[in-house]
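One line per chain: the protein sequences are A and B, in this order.
Per my numbering, residue -5 is the first one in the first sequence, and the count goes up by one each step.
Per my numbering, residue -15 is the first one in the second sequence, and the count goes up by one each step.
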Amino acid sequence: MVRSEPSALLLVTLLFLALIHEHATALEKRDEPVAALPEPQGLDPELARLGMQLFHDVRLSRNNSVSCAHCHHLGKGGSDNLRVSVGIEGRLGVINSPTVYNTAFHLAYFWDGRSATLEDLILDGPLQNPSEMGSNWDQVLGKLKEDRELRRNFRELFPDGFTAENVAKAIAAFLRGLVTTNAPFDRWLQGEETLTEQQERGYRLFKSYGCIACHQGVNLGGNMYAPLGVMGDYFADRGDEVSQADLGRYNVTGRDSDRHVFKVPSLRLVVHTAPYLHDGRAETLADAVRIMARYQLGREIPEEQIEDIIAFFHSLAGSHPLLEAAP
Amino acid sequence: MKGTNPKPILGLILLVTLLSAWYFQDRLKMERHASSYSELLARIHNLDTAMDRDMERISAFHMANYDSLVGFGKELLKMEKELEELTGRLSGWGDPGLMEGLQNYLDKIRQKLGLLDDLKSKAAVIRNSLIYLPELVDTVAQQDPHLELPLQRLLSRILGMQLFPSVVQLETVVSELDALDLEEKRMAPILGHLHVSLREGEALRDLAGRFQAVESGALFKGLQEKFMRYRAAQGRTPVLVGLLLILLVMLLMSWLWRTLKHLEWLRSQAESSRHRLEDAVESLGDGFALFDAGGRLLLFNRTFGEYYPWLKEDLEAGGTATGLERLIESRVKRQPIPGEAANSAGDSSGEKSWLEVVDDVRWYLARNSATSEGGSVWVRTDITSTREAEAELRKLGRAMEQSPVSVVITDSSGFIEYVNPKFEQVSGYSEEELIGQRPSVLKSGDMTENDYAEMWQTILSGREWKGIFHNRRKDGSLYWESARISPIRDEAGEITHFIGIKEDITRLREYQESLRLSATVFDSTTEGIVLTDAQGRIRTVNPAFTRITGYQPEEVLGKLASIFDSEDGDQVKRIREELVEHQRWPGELTDFRKDGSWYHQWLSITTLHDDKGLPSGYVIIFSDITQHKADQAKILHQANHDLLTDLPNRTLLMDRLNQAVLVARRQHEHLAVVFIDLDRFKTVNDLYGHVTGDELLQQVAERLRSAVREVDTVARFGGDEFVVLLQNLGSGEEAALVAGKIIELLSRPFDLERRQVTIGASLGITLYPNDVPMSASVEEACNLLLSNADMAMYQAKARGRNHFQFFEQRMQEEIKVSLVLEQDLRHAMLNNELEVYYQPIHAMPGGEIVAVEALLRWHHPLRGMISPASFIPLAEETGMIYEIGGWMFREACRRVQSWHAEGQLSIGVSLNLSARQRDRGFGPEELRGLLQETGIDPALVTLEITENLFLEESEIVLEWLHGLKETGVSLSVDDFGTGYSSLSYLKLFPVDTLKIDQSFVRGLPEDQDDVSLVRAIISMAESLDIGVVAEGVETEAQRQFLLDLGCRFMQGFRFDPPMPAAEILRKFGTAGD
């Protein structure tokens, strides 16, 4: 009896090892130039909650009519579905407003990448832009300081209380939490069979047409700059006068080689954020794919392939409680 | 200690210690700076290395994605900030070049990062081409299979050239390409991508070269060496100094330690013997002094010295017995011991004793005795406490006399032996009256015998009794007394007396009673009560306070009441000022509960004053009115909002509009009022019922809300009408933008619970101040804006569904005109201004006239001929169409009948029937009457009904149509093709003819849409055996085309315009011939 025990133990151990081995190999991760979006880590929930409150606070604008959420509607994919945004007093902006989801993984902010961090973006961005919020920090802090509960929140969270930097920190913390996880495509990357045949076909086309060269990484974009119009002159064909915003990164660096160079936009929530391109000229996804094919690849793509690629785009959108919340 | 003074040595040690502390502190700071510097340097170098590595991978196209590079820019920015901060903190540290070097290094990294971003972009473009080229080659090769091999080779050359530019030369690729000798068109895409690939490849290699040329590595090495050199130089001097200092300190310490040890040993030897003797004397409790035979002081203890503190110096100096005695007598009063009076002079034993009083306070028993050696021993015992006890007893007696409480002493049988004056005062009896009596003379009779029995039992058993008596004074009044009765025992332990101590507590009891009442109110009231001191610190709170705020008393006692602890300093100040002025402040405030939730409170503070009239505290009474306020808000909300959609109702809209106009007028802003009317809502409501209609309205409300900004107002105006108020507009264009958005949103299908429906909306927009006269008051402006928007909405609806229309002044004019027109139309019939015209309908191909369509004309006395298009809708709207229609029917039928009867012209007549006529009751009965009245053969009459009529309530319409048909007339569908429904209904309805709408005929034969539609109508009519009449035929081409399609009947200017009856007769009649 005594001698049989070790062998029984061995058997059980082997069985267990076999089981976990089985389990470990059941799902094999796929090696692709795109990676799954990671869950946000290490965020202070109190700070993020304060940030969320400020994100929706109209007092950030000069006449208390516009909040961040005004142009970055969280229930509508973090954007406003307008060609250009409408700011205070109904003023029209000059550029298409990008989504605020998944921005934590961008190499810089704005279409021309003029802010290196989310905090910089908040400190010196839409708040002062006369056609967006048209305000300034003195004015905004003055208004916010009137709010007793807000003052209490700031005192609890920051030793130095109310400063523009702290407002920026709070909003930035909130933004870092806006990550859309668990997209069908991400689960597919983990080895699950979550894509339809059409979506897989779309992804193969997306790669074989070379789109993947720029739209790669966790965000399928957002980590590099690229010129608009490699194989053709987009701006000449568009016809309208070339605006300051059309110059792109040139506005930041002043180098001729940066004319019409933009941050490659992320395709993660592209199915929610029509219209497209910095000028919002592509009204539908199909238009956007057509323009990309024409100017970046130098060809026309058959309509059924465009449908396949769009089907693939639908697999990229993950979920976030605020994205699903009713508008 | 051989004259050695340790103080300078100690000073020296202190100095050395301080010096070393300062020195090491300084060293430590230097170390920290050096480590901050080297750490930053290392981090920059790490980033540099990572960038170099990634540059290689990007240039070789080995990088699948760029996520790992995203952090570089942020890291660099962080380090730049740190360097700036470090430069400030490290001023004065290091060699001059070190900080600049670091800045320089960071600048190089910034430069490299810029190049790296460009590299990423170039590499991506090339990768794009490289990935895509095989696809392209495949496409070309499919068309031309023999090209596949050479193209593949070209492809691998291009790939090789991109990956190993030094091995595969550009010329090789170009010659390969030339060898292919392809036609230009097919090669264009390949050439295009090749061109991009070559151009960008060139740029990429150039960038890589520039990246590598950035001298960051050398800079790092230089900096590192420089830093090491500085560190080495810094390290040498301090080590020497440090060692010297440590050595010195150690030497000093060891010397000091030895010296102290020696000193200690000597001292202990000298003193140990003396201590032994002194200890013995000291251990005596009494004062003690010993003199030798010569009277010299040998020894005394500390107690002796303390008894005569003024002898201190003489004792220490070793005085004599006589000298000391004299000094003692100078301060001391001697008294004989009571009972031993004669003894003070001395007795046989040579012992003398007496009492000494020092300063009237201390009493000593003094005893001097001779020793066997002829000397003397003085012993002093302190008896002060005994003397004081005696004095105390005397005081007690006096206290008893003056005591504020009643005292009574009885013997063991309870007969009074003593009462104090207070007792007399309270009871009203004099001492004489009471002595020898029992205390029961005071009995009021309110207490039971049991109470007294219990008392007696307690005190007789030797214990103290405590209780309360309700007694009667001599004057008969009652009073309450609290009493303690204790037995007094003699030395043998026998009870000899009882002592009773009593206090009149009548007032106290009354006070307690009122206090108890107050406490009950305090505890049971629903209002929270807080009592504070003058500073606002909480002293008491009641249970309601805990109930409302959630704070337990112990959590808040001693803290500032929140009203005095507000962060809103202004408010606290205001309240304090109010309190100073009026002693009271009532008001409404918001505060937080313990759980963090806030609540509204109604609060009243009252100042309390002390005896001097100064503020001594505050009473804060408050109640939680959150629910009350919420209820109020809810009632207000309900009064101002639509129950179904929760949108503002008309009342609130008017209020906001008023407000908005006021603001706009003051600030010179623009605003827009958009009036929205749902298309087809009535149909949905009628078809699917109110529940579905309500659900639809709710969804419409939701979409409207989502279409506008938060500052804008969306209101339900009534039924299916909504009004949107857009404030602070930049331009009318913005209103148009919003209107477009609303139309787009509302024309999307609605998913209702049981079905999906699609409706639409018509919008009217008016702008302030543009559409309102300057002179209008605010109220007039509001009303004008609403009626303008309403008017514009009707105009939009008239243009067709899903339109919006800006208000124009013209509309008002038009309304005015149509009002006048309406008046005139009422007179038109009476004044014979209306006339029936007839337009012939011809049979093809012969062209003979088969019928006429009766059409109405109006000769206005002032305005001439008025088009039916302007007055028929008016007639329909006002209902006059009914009378006019009847009149026209009679007129036309009589006319055609008379032609027929007189043999002049035998043709049919078509009459238009308006849906409004049916609404007013026109039906088979009336038709039969009219036919009889005019005497016309029903077979000659055709009623033209518009297609729209068939869409409604099919069952009822069907019955109605059959009724008409039974009278013998024919039915024709007018304007066929313009309606919305399918053609299938034709099978259901008893229709004889279709009239193809002239809008379709107009496009023939060019417009392909019209052609196919007309063709479909004709062939379908043929298959259903229904006749077809084409309206509005204007050209020969149209006639020919329709004829070819098989259309048998036509009407239009190609043949004849509408004309008066006489003209018809002249042109087609036979009698005249």
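Yeah, the Cβ is synthetic: ideal placement off N, Cα and C, and Gly gets one too.
Predicted model, so just to flag it, every value in this text is computed and none were measured.
inquiry  = Threshold first: 4 residues or longer. Then list the alpha helix (DSSP H) segments lying entirely within the segment 1000 to 1057 of chain B, N to C.
reply    = Counting whole runs of 4 or more residues, the segment 1000 to 1057 of chain B contains the alpha helix (DSSP H) stretches 1020 to 1029 and 1045 to 1052.
request  = With a cut-off of 8 Å on the beta carbons, I'd call Glu448 (chain B) and Arg468 (chain B) a contact; round off their distance for me.
outcome  = As a position in the second sequence, residue 448 (chain B) is number 464, starting the count at 1. As a position in the second sequence, residue 468 (chain B) is number 484, starting the count at 1. That belief holds up - the Cβ atoms of Glu448 (chain B) and Arg468 (chain B) are roughly 6 Å apart, short of 8 Å.
key: Members of the segment 86 to 107 of chain A that neighbour chain B once the beta carbon cut-off is set at 9 Å   = Leu86, Phe99, His100, Leu101, Ala102 and Gly107
key: Cβ-Cβ separation, Val88 (chain A) to Val80 (chain A) (assumed contact under 8 Å), whole Å   = Stepping through the first sequence from its first residue, residue 80 (chain A) is reached at position 86. Stepping through the first sequence from its first residue, residue 88 (chain A) is reached at position 94. About 12 Å; that fails the 8 Å criterion.
key: Whole runs of the alpha helix (DSSP H) within the segment 822 to 876 of chain B, excluding any shorter than 4 residues   = 852 to 862
query = Taking the DSSP output, what are the residues bridged to Leu462 (chain B)?
reply = Against the second sequence, residue 462 (chain B) aligns to sequence position 478. In DSSP, Leu462 (chain B) forms a bridge with B:Arg456.
inquiry  = Please report whether the beta-carbon of Asn217 (chain A) lies at a distance below 8 Å from any beta-carbon of chain B.
reply    = For the purposes of this step, residue 217 (chain A) is identified with residue 223 of the first sequence, where counting begins at 1. Yes, because at least one Cβ of chain B sits closer than 8 Å to the Cβ of Asn217 (chain A).
inquiry  = By the three-class DSSP mapping on this structure, what secondary structure does Val540 (chain B) have?
reply    = By 1-based counting over the second sequence, the position of residue 540 (chain B) is 556. Helix, per DSSP.
inquiry  = Rounded to whole angstroms, what is the Cα-Cα separation between Arg286 (chain B) and Glu297 (chain B)?
reply    = Start at 1 with the first residue of the second sequence, and residue 286 (chain B) comes out as number 302. Start at 1 with the first residue of the second sequence, and residue 297 (chain B) comes out as number 313. Roughly 13 Å between the two C-alpha positions.
request  = With 8 Å as the threshold, decide whether the Cβ of Pro857 (chain B) is near any Cβ in chain A.
outcome  = What you label residue 857 (chain B) is simply residue 873 of the second sequence in a count that begins at 1. Pro857 (chain B) does not count as touching chain A.
ask   = Which whole runs of the alpha helix (DSSP H) in the segment 197 to 238 of chain B are 4 residues long or more, in chain order?
value = The segment 197 to 238 of chain B contains no whole alpha helix (DSSP H) run of 4 or more residues.
query = By how many angstroms is the C-alpha of Glu15 (chain B) removed from the C-alpha of Trp6 (chain B)?
reply = Translated into the one-based positions of the second sequence, residue 6 (chain B) becomes position 22. Translated into the one-based positions of the second sequence, residue 15 (chain B) becomes position 31. Distance between the alpha carbons of Trp6 (chain B) and Glu15 (chain B) is about 14 Å.
query = Are the beta-carbon atoms of Gln146 (chain B) and Ile110 (chain B) separated by less than 8 Å?
reply = Within the second sequence, the letter at position 162 stands for residue 146 (chain B). Within the second sequence, the letter at position 126 stands for residue 110 (chain B). In contact: Gln146 (chain B) and Ile110 (chain B) (Cβ atoms closer than 8 Å).
Alpha-carbon to alpha-carbon, Gly57 (chain B) and Leu97 (chain B) = Numbered from 1 along the second sequence, position 113 holds the residue referred to as residue 97 (chain B). Numbered from 1 along the second sequence, position 73 holds the residue referred to as residue 57 (chain B). Going by the C-alpha atoms only, they are around 7 Å apart.
key: Cutoff 6 Å; reference Ile1048 (chain B); Cβ partners in own chain excluding five residues on either side   = By 1-based counting over the second sequence, the position of residue 1048 (chain B) is 1064. Tyr822.
inquiry  = Using a Cβ-Cβ cutoff of 9 Å, what residues of the segment 503 to 537 of chain B are near chain C? List them in chain order.
reply    = Absent here is chain C; the protein component of the structure consists of chains A and B.
query = DSSP on Tyr50 (chain B), reduced to helix/strand/coil?
reply = Within the second sequence, numbered from 1, the residue matching residue 50 (chain B) stands at position 66. Correct three-state label for Tyr50 (chain B): coil.
ask   = Nearest-angstrom Cα distance between Phe790 (chain B) and Ser854 (chain B)?
value = Locating residue 790 (chain B) in the second sequence gives position 806, where the first residue counts as 1. Locating residue 854 (chain B) in the second sequence gives position 870, where the first residue counts as 1. Linking Phe790 (chain B) to Ser854 (chain B) through their CA atoms gives a straight-line distance of about 22 Å.
task = Have a look at Pro259 (chain A) and Val173 (chain A) and give me their C-alpha separation to the nearest angstrom.
result = Here the question's residue 259 (chain A) lines up with position 265 in the first sequence. Here the question's residue 173 (chain A) lines up with position 179 in the first sequence. Their backbone Cα atoms lie some 16 Å apart in a straight line.
request  = Return the bridge partner residues of Tyr103 (chain A) from the DSSP annotation.
outcome  = Along the first sequence, one-based indexing puts residue 103 (chain A) at 109. The partner list for Tyr103 (chain A) (beta bridge, DSSP) reads A:Ser109.
inquiry  = Quick check: what's the CA-CA separation for Gly223 (chain A) versus Tyr289 (chain A)?
reply    = Position 229 of the first sequence, counting from 1, holds the residue named residue 223 (chain A). Position 295 of the first sequence, counting from 1, holds the residue named residue 289 (chain A). Near 5 Å, if we compare the C-alpha coordinates of Tyr289 (chain A) and Gly223 (chain A).
task = May I ask you to report which of helix, strand or coil DSSP gives Pro34 (chain A)?
result = Here residue 34 (chain A) corresponds to residue number 40 of the first sequence, with the count starting at 1. Pro34 (chain A) falls in the coil class under three-state DSSP.
Segments assigned alpha helix (DSSP H), at least 4 residues, entirely inside the segment 205 to 233 of chain A = Counting only runs of 4 or more residues that sit fully inside the segment 205 to 233 of chain A, the alpha helix (DSSP H) segments are 228 to 232, in chain order.
ask   = From this set, A:Val94, A:Leu310 and A:Val134, which residue's C-alpha is nearest Ala177 (chain A)'s C-alpha?
value = Your numbering for residue 177 (chain A) matches position 183 in the first sequence. Considering only alpha carbons, the answer is A:Leu310.
ask   = So what does DSSP say about Thr591 (chain B), is it helix, strand or coil?
value = As a working note, residue 591 (chain B) is residue 607 in the second sequence. Thr591 (chain B): strand per DSSP, three-state reduction.
query = For the beta strand (DSSP E) that Val556 (chain B) lies in, which residues bound it at each end?
reply = Within the second sequence, the letter at position 572 stands for residue 556 (chain B). Where Val556 (chain B) is concerned, there is no enclosing beta strand (DSSP E), although the alpha helix (DSSP H) it sits in stretches over Gly553 to His566.
For Leu713 (chain B), three-class secondary structure by DSSP = As a working mapping, residue 713 (chain B) is identified with position 729 in the second sequence. Looking at Leu713 (chain B) - three-state DSSP - the assignment turns out to be strand.
Residues of its chain near Arg41 (chain B), where Cβ-Cβ distance is below 6 Å and the 5 sequence neighbours each way are ignored = Within the second sequence, numbered from 1, the residue matching residue 41 (chain B) stands at position 57. Counting only Cβ-Cβ distances below 6 Å, and skipping sequence neighbours, we find Met47.
key: DSSP state of Thr442 (chain B) mapped onto helix, strand, coil   = By 1-based counting over the second sequence, the position of residue 442 (chain B) is 458. Thr442 (chain B) falls in the helix class under three-state DSSP.
message = Using 8 Å for Cβ pairs, my map puts His29 (chain B) next to Trp77 (chain B). What's the rounded Cβ distance?
response = The residue labelled residue 29 (chain B) in the question sits at position 45 within the second sequence. The residue labelled residue 77 (chain B) in the question sits at position 93 within the second sequence. So it is not a contact: roughly 20 Å between Cβ atoms.
message = Let me see if you follow: with CB-CB separation under 8 Å, is Ala110 (chain A) close to chain B or not?
response = Counted from its first residue, the first sequence places residue 110 (chain A) at position 116. It does: the Cβ of Ala110 (chain A) has a partner Cβ on chain B nearer than 8 Å.
query = Near Ile285 (chain A), which residues of its chain fall below 6 Å by C-beta distance, leaving aside the five closest residues on each side in sequence?
reply = Position 291 of the first sequence holds residue 285 (chain A). The residues are Ala276.
The segment 733 to 753 of chain B in contact with the segment 625 to 636 of chain B per 3-pair CB rule at 8 Å = no
key: Nearest residue (CA-CA) to Arg243 (chain A), options B:Pro599, B:Pro423, B:Asp101 and B:Arg531   = Along the first sequence, one-based indexing puts residue 243 (chain A) at 249. The candidate whose alpha carbon is nearest that of Arg243 (chain A) is B:Asp101.
key: Cβ shell of Leu279 (chain A) (< 8 Å), same chain only, five flanking positions each side left out   = In the first sequence, counting from the first residue as 1, residue 279 (chain A) sits at position 285. Val264, Val265, Ala268, Tyr270, Ile304 and Phe307.
request  = Determine the contact status of Leu283 (chain B) and Leu295 (chain B), defining contact as a CB-CB distance below 8 Å.
outcome  = Position 299 of the second sequence, counted from the start, is the residue given in the question as residue 283 (chain B). Position 311 of the second sequence, counted from the start, is the residue given in the question as residue 295 (chain B). No.
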